[in-house]
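Numbering (the working numbering), first residue to last: 7 to 419. Ideal placement from N, C-alpha and C gives every residue a C-beta, glycine not left out. Below is one structure; the comments refer to it alone.
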Amino acid sequence: MVIRGGTRLKGEVTVSGAKNAALPLMASSILTRGWNTFTGIPRLGDIATMKQLLGHLGLKIEGGKDLRIRADNLTCPEASYNLVKTMRASVLVLGPMLARLGKAKVSLPGGCAIGARPIDLHLRGFEALGAKINLSHGYIEAEAKKLRGNKIYFDTSTVTGTENVLMAACLARGTTVLENAACEPEVAELARVLNKMGARIEGVGTDIIEVEGVDELKGVEHRVMPDRIETGTFMIAAAMTGGEVKIKNCRVEHLDALISKLTEAGVTVMPEDEGMRVTVGDRLRSVDVKTLPYPGFPTDMQAQIMALMCLADSRSVITETVFENRFIHVSELKRMGADIQIQGNSAIVRGGRKLSGAPVMATDLRASASLILAGLAAEGVTEISRIYHLDRGYERIEKKLSRLGADIRRVKG
Ligand code: UD1
7 MVIRGGTRLK GEVTVSGAKN AALPLMASSI LTRGWNTFTG IPRLGDIATM
57 KQLLGHLGLK IEGGKDLRIR ADNLTCPEAS YNLVKTMRAS VLVLGPMLAR
107 LGKAKVSLPG GCAIGARPID LHLRGFEALG AKINLSHGYI EAEAKKLRGN
157 KIYFDTSTVT GTENVLMAAC LARGTTVLEN AACEPEVAEL ARVLNKMGAR
207 IEGVGTDIIE VEGVDELKGV EHRVMPDRIE TGTFMIAAAM TGGEVKIKNC
257 RVEHLDALIS KLTEAGVTVM PEDEGMRVTV GDRLRSVDVK TLPYPGFPTD
307 MQAQIMALMC LADSRSVITE TVFENRFIHV SELKRMGADI QIQGNSAIVR
357 GGRKLSGAPV MATDLRASAS LILAGLAAEG VTEISRIYHL DRGYERIEKK
407 LSRLGADIRR VKG
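Pasting the structure below:
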């Protein structure tokens, strides 16, 4: 991706459906009989991977943006390493397969650039529901003739862990209570859709979820919620370029923590029909940020707000509490002239410096977004390589930014 920085972004942009909502919804199809239709599915690398995985398991899949999935025949209970290694969220098929087939075999996802990211809490949840778990040759084998409801406390708030165990509990016998469940809007959306499918879930959107098991679920039609991280990324793009951007198809209520920090920093966010308008005053103020599970500040916006803080007027402390190694973007931002020091799980950002274009490398999905943002605000040309990370989670980002006036293009490496 080649970006010539310095253009004020102006105009309207429409946010795509949320990747992190679409992936568990697609996996939840495994629990159902009949067609599911999910509309507003974003065209992304991770979605293509999930389609491939579900197809491999024997599900029928048709369409793109409007995706139809039918799981009447599940032919293969195994998700191989080749499919799981490119996307950790592949593990989301484990709970539904176990509940529907009584057994499942899924490759262990392994570590990733932002930390070890274990799945022990998923597995402990399945064990509590009566499954036997066996780890061998890099695979998780789970088995249970019929899952039984139980009380499960998550030591750490885990998004996909909550989703995985929640899906399994829908077809378990009796009542399951999930405590310290993740409250992210994507988890709530999954629970609402499971209820449409015929599940009996209470406490949707809270940290205590109660599930009364049912015998079967049926296919549904559902439109995927807008992506709050893509929305936040465009908000920061407007702020970093001194722009004025109307963001359509977004949910302001999912972005309270980010909006509160941006407002403190001097950015104006005006809710409007169908979305919001983002503008910025003359001066950007430095603010401290700490990532936390929802409704706290999202870790998936940490790299982007760090890019913004590089331009703010003084010193900002950004503390990452969700993942242990999520500062890989720091060294790349420094190559663009940022003054950032890492102390433990905090990054001290000294603002007030001009960023300058440089060749940089994308290292993970959100880190790539922060480099695009830095490139938009930098003097001169920034060349970002390894942008496949970006295509995993942002739909046609260069097209959307070009329409706002950015000088950005994709070139073949
Ligand atoms: C999801 C999101 C990801 C986001 C993250 C945190 C999807 C597909 N991905 O990832 O974009 O950055 O939530 O908001 O929705 N943990 C354990 N044991 C487990 C599970 C998690 O120790 O079994 C730890 C992790 O290492 C991490 C923390 O819990 O430190 C939160 O991780 P989790 O919420 O599970 O992240 P994901 O669901 O993988």
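Between Leu-114 and Leu-141, the C-beta spacing is below 8 Å. Arg-154 and Leu-184 have their C-alpha atoms spaced approximately 13 Å apart. In the displayed model, Asn-170 falls within a helix according to three-state DSSP.
According to the DSSP secondary-structure assignment, Val-323 is paired through a beta bridge with Ile-354.
In the structure shown, Ile-125 adopts coil according to DSSP, grouped into three states. Residue pairing by DSSP puts Thr-20 in a beta bridge opposite Lys-254.
For Val-366, the uninterrupted beta strand (DSSP E) run begins and ends at 365-367, by DSSP. At least one heavy atom of the ligand UD1 falls within 7 Å of the beta-carbon of Leu-29. Taking non-hydrogen atoms of the ligand UD1 into account, the C-beta of Asp-306 is found less than 7 Å away from one of them. For Pro-191, the secondary structure class from DSSP, reduced to helix, strand or coil, is helix. In the three-state reduction of the DSSP assignment, Lys-109 falls in the strand class.
Every alpha helix (DSSP H) of 4 residues or more that sits fully in the segment 226-298 is shown, in chain order, as 234-246 and 262-270. Fewer than three beta-carbon pairs drawn from the segment 14-24 and the segment 170-188 are found closer than 8 Å, and the two stretches are therefore not classed as touching.
A direct Cα-to-Cα measurement between Val-226 and Ala-148 gives close to 27 Å.
Under the three-state reduction of DSSP, Asp-345 is assigned to strand. Ranking Ile-311, Arg-291, Glu-250 and Ala-313 by CA distance to the CA of Val-284 puts Glu-250 first. DSSP, read as helix, strand or coil, puts Ser-163 in coil.
By the neighbour-count definition (other C-beta atoms within 10 Å, threshold 16), Val-199 is a buried residue. Annotated as distal: Leu-65 and Ile-242, with beta-carbon spacing of 8 Å or more. For Arg-106, the shortest C-beta to heavy atom distance toward the ligand UD1 is 7 Å or greater. Leaving aside the five residues that flank Glu-84 on each side, the residues in its chain whose CB is nearer than 6 Å to its CB run, in chain order, Lys-111. Using a Cβ distance threshold of 8 Å, Phe-44 and Leu-73 count as a contacting pair. Annotated three-state conformation of Asn-26 is helix, per DSSP. Per DSSP, Thr-181 is one residue of the beta strand (DSSP E) stretching across 181-185. Secondary structure of Tyr-400 (DSSP, three-state): coil. The C-alpha of Glu-190 lies about 10 Å from the C-alpha of Asp-213.
The Cβ atoms of Lys-71 and Ile-36 lie no closer than 8 Å to each other.
The beta carbon of Ala-309 lies closer than 8 Å to those of Arg-332, His-335, Arg-372, Ala-373, Ala-375 and Ser-376 in the same chain, with the five residues before and after it left out.
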